[in-house]
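Notes follow the structure.
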Amino acid sequence: MTQFKSDVEAVDALAQAYKDLSSEIGKVIVGQDDVVRAVIITLFSNGHALLVGVPGLAKTLLVSTIAEVLDLDFKRIQFTPDLMPSDITGNEILDEERRFRFTRGPVFANIVLADEINRTPPKTQAALLEAMQERAVTVSGQRHVLPSPFFVLATQNPIEQEGTYPLPEAQLDRFMFNIP
């Protein structure tokens, strides 16, 4: 971690990092400046964001571009009605020596796109939301710490669409920004 001589120097460095990142993203994502700004602020603030909207807004491209520019690991989880919590967190697998070995799920990435989070039942939503809050997952009584930085951009279809499970207010609080 870089040490700065003053707060002014630190703020200047942050502003320059923001400009550089915005410029690189702008080469790929066009016309979504407000969304890009909110996502970068959330990432720099060590928070998570919820993007509400219909499919086709280049969300995967945005998040994968940020991960590529920052040289971070990126995973995408497509939330479906049959997705299980272990599909997100990982699980214990019996190996050839008859010992249980933990296999990490896709949540073990620096940047995670949780696509259509409200298409999966609350139990599975809770697995991701716990990981966001604790920055760790517990599988078979063992705690596994997630990588740092850890950023989740979750997308949600409009509530009026059929086959959705709305996120309760307490779960919405896990997100720093709700980006329309």
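For the sequence shown, my numbering gives the first residue as -16, with consecutive numbering after it.
Backbone N, C-alpha and C fix where the C-beta goes; we use that ideal spot for every residue, glycine too.
Since the structure is predicted, the reported quantities are computational estimates derived from the model, not experimental observations.
query, result
"With a threshold of 6 Å on Cβ separation, who are the neighbours of ASP56 within its own chain once the five nearest residues in sequence on each side are excluded?", "ALA92 and ASN93"
"What did DSSP end up calling GLN(-14) once you bin it into helix, strand or coil?", "coil"
"Under 8 Å by Cβ, that's how I've got ILE71 and ALA110 pegged, so tell me the actual separation to the nearest angstrom.", "5 Å"
"How is LEU40 classed by DSSP in three states: helix, strand or coil?", "coil"
"Could you give the residue range of the alpha helix (DSSP H) that holds PHE27?", "16 to 27"
"In chain order, what are the residue ranges of uninterrupted beta strand (DSSP E) at least 3 long that sit wholly in the segment 73 to 151?", "73 to 77, 83 to 87, 94 to 98, 119 to 122, 125 to 128 and 134 to 139"
"Quick one, which of ALA137, ARG126 and VAL19 has its alpha-carbon nearest ALA32's?", "ALA137"
"Give me whichever residues DSSP pairs with LYS58 in a beta bridge.", "VAL95"
"How long is the line joining the alpha carbons of VAL35 and GLU80, rounded to whole angstroms?", "46 Å"
"Take LYS10 as the anchor and find which of ILE100, GLU51, LYS(-12) and PRO38 has the nearest alpha-carbon.", "GLU51"
"Select from LEU(-3), ALA41, LYS58 and THR43 the residue whose C-alpha is nearest the C-alpha of SER28.", "LEU(-3)"
"Considering only the alpha carbon of each residue, which of VAL46, ALA119 and ILE8 lies closest to ARG87?", "ALA119"
"Just reading off the beta strand (DSSP E) that ILE162 is part of, what are its end residues?", "160 to 162"
"Assign ARG102 to buried or exposed, taking buried as 16 or more other Cβ atoms, counted over all protein chains shown, within 10 Å of its Cβ.", "buried"
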